[in-house]
Amino acid sequence: MQIPFITYFAEYLGFFIAFFANLTLIHLILTRTRQNFGSYKYLMLWFACFSLWYSIIDILTQPAMHSYLNSYIVFCASWFKYDPFLAPIIISEF
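Note that numbering that gives the first Met the number 0 numbers the sequence shown so that position 61 is 60, with each residue one more than the last.
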């Protein structure tokens, strides 16, 4: 089946789109906004930085979820799953 390939391809494509879109947005906010935006400028900047950080964490951990009845677990599907120290720290940021 090609479903795993399509899933990983879509994940990496989404990462590159989100990464460059957020970098462009941060650049535009810092260089092209007028003074009358006020504190909304900082709200947009914070949102773009958080989205950039989230996309980086998502591609590093490649989180997977498993749910059963009323419980669920999130675990790493990337190479971080072999690191017992970093894996819990990074997946907790997801």
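Ideal Cβ positions, reconstructed from N, Cα and C, are used throughout, including at glycine. Keep in mind the model is a prediction, meaning the values are calculated, not measured.
Per DSSP, H65 is paired with what? To locate residue 65, count along the sequence shown from 1; it is residue 66. DSSP lists I72 as the bridge partner or partners of H65.
Close-in-space but distant-in-sequence residues of the same chain around L59 (CB under 8 Å, 5 per side omitted): One-based indexing of the sequence shown puts residue 59 at position 60. These residues qualify, in order along the chain: S77, F79, I89.
How should N35 be labelled, buried or exposed, when 16 other C-beta atoms within 10 angstroms of its C-beta is the threshold for buried? Taking the sequence shown and counting its residues from 1, one reaches residue 35 at position 36. A residue is called buried once 16 or more other Cβ atoms fall within 10 Å of its Cβ, and N35, having fewer, is exposed.
Grouping DSSP H, G and I as helix and E and B as strand, with all else coil, what is D57? Translated into the one-based positions of the sequence shown, residue 57 becomes position 58. Look at D57 here: in three-state DSSP terms it is helix.
Closer than 6 Å by C-beta to S50: which residues in its own chain qualify, once you throw out the five before and the five after it? Chain order, please. Working through the sequence shown from its first residue, we reach residue 50 at position 51. Excluding sequence positions up to five before and after S50, its CB lies within less than 6 Å of the CB of N21, all in the same chain and listed in chain order.
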